[in-house]
Amino acid sequence: MDHWFRTVLLLGAFLFPALVQSSVRHYKFSVVSKNTTKLCATKPLLTVNGQFPGPTLYAREDDTVIIRVTNKVAHNVTIHWHGVRQFRTNWADGPAYITQCPIQPGQNYIYNFTLTGQRGTLLWHAHISWLRASIHGATVILPKRGIPYPFPTPDKEKIIVLGEWWKEDVEAVVNQATQTGLPPNVSDAHTINGHPGPVPGCSSQGGYTLHVESGKTYLLRIINAALNDELFFKIAGHNLTIVEVDASYTKPFQTDSIFISPGQTTNALLTANQGIGKYLITASPFMDAPIGLDNLTSYAALHYKGTPANPPTILTSVPPLNATPLTHAFIDSLRSLNSEQYPAKVPLSIDHSLFFSVAIGVNPCATCVTGIRLVAAVNNVSFVMPTIALLEAHYYNIPGVFTDDFPGNPPIAFNYTGNWTSSFQTMNGTRLYRLAYNSTVQIVLQGTAILAPENHPTHLHGFNFFVVGKGLGNFDPEKDPQKFNLVDPVERNTISVPTAGWTAIRFKADNPGVWFLHCHLEVHTTWGLKMAFLVDNGKGPNDFLPPPPNDLPKC
Ligand code: C2O
352 MDHWFRTVLL LGAFLFPALV QSSVRHYKFS VVSKNTTKLC ATKPLLTVNG
402 QFPGPTLYAR EDDTVIIRVT NKVAHNVTIH WHGVRQFRTN WADGPAYITQ
452 CPIQPGQNYI YNFTLTGQRG TLLWHAHISW LRASIHGATV ILPKRGIPYP
502 FPTPDKEKII VLGEWWKEDV EAVVNQATQT GLPPNVSDAH TINGHPGPVP
552 GCSSQGGYTL HVESGKTYLL RIINAALNDE LFFKIAGHNL TIVEVDASYT
602 KPFQTDSIFI SPGQTTNALL TANQGIGKYL ITASPFMDAP IGLDNLTSYA
652 ALHYKGTPAN PPTILTSVPP LNATPLTHAF IDSLRSLNSE QYPAKVPLSI
702 DHSLFFSVAI GVNPCATCVT GIRLVAAVNN VSFVMPTIAL LEAHYYNIPG
752 VFTDDFPGNP PIAFNYTGNW TSSFQTMNGT RLYRLAYNST VQIVLQGTAI
802 LAPENHPTHL HGFNFFVVGK GLGNFDPEKD PQKFNLVDPV ERNTISVPTA
852 GWTAIRFKAD NPGVWFLHCH LEVHTTWGLK MAFLVDNGKG PNDFLPPPPN
902 DLPKC
C-alpha cells in the first residue's frame with residue numbers, strides 16, 4: 352500500500368475511531384430443551400444453545416448486533432435485550448405482545464440493533480410467561496476501542512449471573528397459580544452461574560468457583576436474572592468497589608454487600624488483597640414483606656491461586672432476610688459519575704408529571720379455590736395483555752387493541768401506606784399513556800400497603816431514567832421535590848420502589864414507539880403490575896418509528 356495512503360488511513364482511524372471501528376457481530380441463538388445434571392433437575396431445562404446461563408453477548412459501543420433466534424421447543428418464545436435503548440429498532444425489543452408476536456415453535460426471527468451511547472453490563476432474557484427462569488444470559492458492551500474505563504483497568508473480568516431455580520417446570524408453576532388465584536410456589540434454589548449451592552435432596556457436584564490470583568483486580572459483572580427475588584451478594588473478607596450499574600458509570604464507592612434486584616446489573620471491582628485461601632460467596636434473598644417467604648441462600652467460593660488442597664472456607668454472615676436499612680444504604684450510595692465525558696443529562700423541566708400507585712390486591716374469582724384472585728395494578732389498572740402486539744396495532748392503526756387513556760394519577764387519592772384492612776378491586780384494561788416526542792416525564796412510583804406492602808423493582812423499556820428521589824411513607828408533592836437530586840442521580844433502567852415508600856424517576860421521551868413498564872418480579876407482572884407508554888413520532892427525518900422487518904413473527 353502506498354505509504355501516504357496508509358498514513359492517512361491510520362490518521363483517520365486515530366482521529367475518527369468510531370468510523371472505522373464499529374463492527375457487526377452475528378450470533379445464533381437456538382432455544383432448545385436440555386437435560387442438565389448441574390441442577391438435579393427432573394425435567395429438561397429450556398435454554399439457549401443448551402447453556403445455562405446462556406451465551407454471553409459481547410460487543411463494543413456502536414457495534415451492530417444481529418442475533419438469529421430459532422425456536423426448537425414446544426413453547427412460544429421471544430428474547431428481550433434488557434436495558435438496550437433500541438433507538439429506532441423497537442421491533443427488536445422483544446416483550447411478547449408488546450413489540451412483537453412470539454416466535455412460534457419451529458420458526459425464527461432476527462433481532463438487529465445497534466448499541467448507541469451505552470457501555471457496561473446488561474442482560475438478555477426470554478420475555479414471555481416465566482420462560483426467563485432459564486432462558487437468560489449476560490450482555491457485555493465494552494467501551495469503544497481505545498477508550499479506557501473511567502476506573503483503574505482490571506486485570507481480568509468475570510461474569511456472575513444470579514438466578515432462581517424450580518424443580519418443577521416453571522410453566523406448570525405459573526399455570527397452577529393462575530388457575531387457583533393463589534401465589535405461585537417459591538423457587539427451590541438460588542443459583543450462581545447456574546450452580547444452586549447446597550439443595551436438600553440434591554447431591555450436585557460443587558458450586559461455582561471464582562479463581563483469583565493474589566494482588567490482581569477483577570471486574571465482576573454481576574447480574575440478577577432471578578424471577579422473583581431481590582438479592583444480596585457478598586464475598587467473605589473482601590470489599591467491592593461499585594463502578595457501574597445498568598450500563599451507566601457511577602461514582603465509585605466501597606461496600607461489603609451488594610443489593611441487586613431482578614433485571615439490574617452491577618459492575619464491581621474486586622482486589623484479591625487478602626491472605627491466600629478460600630472465601631465464601633453468598634447470594635441471599637431480601638424480603639421485607641410477610642408473604643411467600645423464601646430464605647434459601649446460594650453459595651459459591653472465591654479461590655486464591657496457591658491455596659493448599661481442602662482448605663477451610665472463610666465464612667461470612669448473610670444479611671438478614673429483612674435487612675431493609677442495608678438496601679437503603681446501598682441505593683443511597685449510587686450516584687452518576689457525571690464527568691465531562693459522561694454527563695448526567697437530568698431533565699430539569701417536566702412536561703408530564705405522573706403519579707403511579709403500585710399495588711397488590713384481590714379480585715373476586717368464581718373459579719378460584721378461595722373465591723378470590725391475587726392481582727396487581729398501577730393506578731388501579733390491572734394490565735391485560737393483548738392478543739396481537741401493541742406496536743403493530745399502533746403502527747398499522749388497528750382499532751380495538753388498546754386505548755391511550757392510561758390514568759396519570761390514581762382514581763382517588765388515599766393514605767397509600769396507611770393501615771389497610773380492606774382491599775381494592777382493580778379494573779382491567781389495555782391502556783397506554785401517550786407522550787409527545789421529546790417530552791420530559793417524571794413518575795413518582797408510590798408503593799402502597801394494600802393487602803401486603805412489597806418492594807417492586809420497576810423496569811422501563813426503551814429508556815434509561817434518573818432516580819431523582821426516594822422516601823418512606825406517602826410522597827409529599829410540596830416538600831419532597833425540594834430534596835430531589837438533579838445533579839448526579841443514578842441513571843438506570845430498573846429501580847426498586849421501597850416497601851411502603853416511593854421513588855421518583857425522570858426521563859426524556861426521545862424514542863418513538865411503544866415501551867413497556869412493569870415490575871420485574873415476574874409474579875407481580877403476571878398479576879397485572881404493568882403498563883405501557885406510547886411515544887409519538889417527532890418531526891425530524893429520523894424521529895419516527897420505522898416499519899417492521901419482513902420476518903416479524905405473526906400471532
Ligand atoms: Cu427485563 Cu420487560 O424486562
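Residues in the sequence shown are numbered from 352 upward in steps of one, following the numbering used here. We put the beta carbon where it would ideally sit given N, CA and C, even for glycine.
To which residues of the same chain is residue i closer than 8 Å at the C-beta, ignoring the five residues directly before and after it?
{"i": "F858", "result": "P698, T791, V792, L811, F814, N815, F816, F817"}
{"i": "K379", "result": "N400, I418, R419, T421"}
{"i": "P898", "result": "Y746"}
{"i": "Q692", "result": "P501"}
{"i": "K881", "result": "V729, F734, F867, L868, H869, C870"}
{"i": "S684", "result": "I593, F604, T606"}
For residue i, name the three-state secondary structure that DSSP assigns.
{"i": "T601", "result": "strand"}
{"i": "N441", "result": "helix"}
{"i": "P676", "result": "helix"}
{"i": "T531", "result": "helix"}
{"i": "T877", "result": "helix"}
{"i": "L360", "result": "Summary for L360: the model assigns pLDDT 45, below 50, so the residue's position carries little reliability; its value from the coordinates is reported in the next sentence. Correct three-state label for L360: helix."}
{"i": "P682", "result": "For clarity, residue 682 is Ile in the given sequence; the question names Pro instead. Three-state result, I682: helix."}
{"i": "V524", "result": "helix"}
{"i": "Q402", "result": "strand"}
{"i": "Q469", "result": "coil"}
{"i": "Q797", "result": "strand"}
Buried or exposed: which applies to residue i, given that a residue is buried once 16 or more other Cβ atoms fall within 10 Å of its Cβ?
{"i": "G759", "result": "exposed"}
{"i": "Y747", "result": "exposed"}
{"i": "I511", "result": "buried"}
{"i": "P750", "result": "exposed"}
{"i": "N714", "result": "buried"}
{"i": "A369", "result": "Any answer about A369 is weak, because its pLDDT of 46 lies below 50 and its placement is not dependable; what the coordinates show is given next. Counting Cβ neighbours within 10 Å, A369 comes out exposed, since fewer than 16 surround it."}
{"i": "L823", "result": "exposed"}
{"i": "G558", "result": "buried"}
{"i": "V428", "result": "buried"}
{"i": "L446", "result": "In the sequence under discussion, the amino acid at residue 446 is Pro, which differs from the Leu named in the question. Burial call: buried."}
{"i": "Q451", "result": "buried"}
{"i": "H871", "result": "buried"}
{"i": "I632", "result": "buried"}
{"i": "F356", "result": "Residue placement at F356 is poorly supported in this model, since its pLDDT is 45, which falls under 50; the coordinates still yield a value, given next. Flag for F356 reads exposed."}
{"i": "E564", "result": "exposed"}
{"i": "N888", "result": "exposed"}
{"i": "S690", "result": "exposed"}
{"i": "N766", "result": "exposed"}
{"i": "G852", "result": "buried"}
With DSSP as the reference, identify every bridge partner of residue i, one or two as the case may be.
{"i": "S635", "result": "F583"}
{"i": "F835", "result": "According to DSSP, which records beta bridges pairwise, F835 is partnered with nothing at all."}
{"i": "N575", "result": "L513"}
{"i": "A447", "result": "Q451"}
{"i": "G864", "result": "V886"}
{"i": "I593", "result": "F604, A619"}
{"i": "S704", "result": "Q793"}
{"i": "G588", "result": "Beta-bridge pairing links G588 to no other residue."}
Suppose the cutoff is 6 Å on Cβ atoms and the five residues either side in sequence are ignored; what does the same chain contact list for residue i look like?
{"i": "H875", "result": "A727"}
{"i": "W432", "result": "W475"}
{"i": "T469", "result": "In the sequence as displayed, the identity of residue 469 is Gln instead of Thr. For Q469, where only same-chain residues beyond five positions count, the Cβ hits under 6 Å are I492, A598."}
{"i": "E508", "result": "L570"}
{"i": "Y448", "result": "M736, P737, A740"}
{"i": "A425", "result": "P456"}
{"i": "D639", "result": "N673, T675, T850"}
{"i": "R376", "result": "A410, D414, V416"}
{"i": "H654", "result": "T560, H562, K629"}
{"i": "A855", "result": "V795, V819, G820"}
{"i": "A528", "result": "P535"}
{"i": "Y600", "result": "P501, L688, Y693"}
Please list, in chain order, all residues of the same chain as residue i whose beta carbon is under 7 Å from its beta carbon, the five residues on each side excluded.
{"i": "D902", "result": "Y460, I461"}
{"i": "N480", "result": "The question names Asn, yet the displayed sequence has Ser at residue 480. Answer for S480: E522, V525, listed in chain order."}
{"i": "E805", "result": "A640, I711, T850"}
{"i": "F835", "result": "V819, G820, A855"}
{"i": "S612", "result": "N575, E581, P808, T845, S847, H871"}
Is it the case that the CB of residue i approaches a heavy atom of the ligand FAD more closely than 7 Å?
{"i": "G614", "result": "This structure lacks the ligand FAD; the ligands present are the ligand C2O."}
In chain order, which continuous runs of the beta strand (DSSP E) of length 3 or greater are located wholly inside the segment 710-783? 723-729, 732-734, 778-780
Quick check for students: name the residue ranges of the beta strand (DSSP E) that lie wholly in the segment 478-522, counting only runs of 3 or more. 487-493, 507-516
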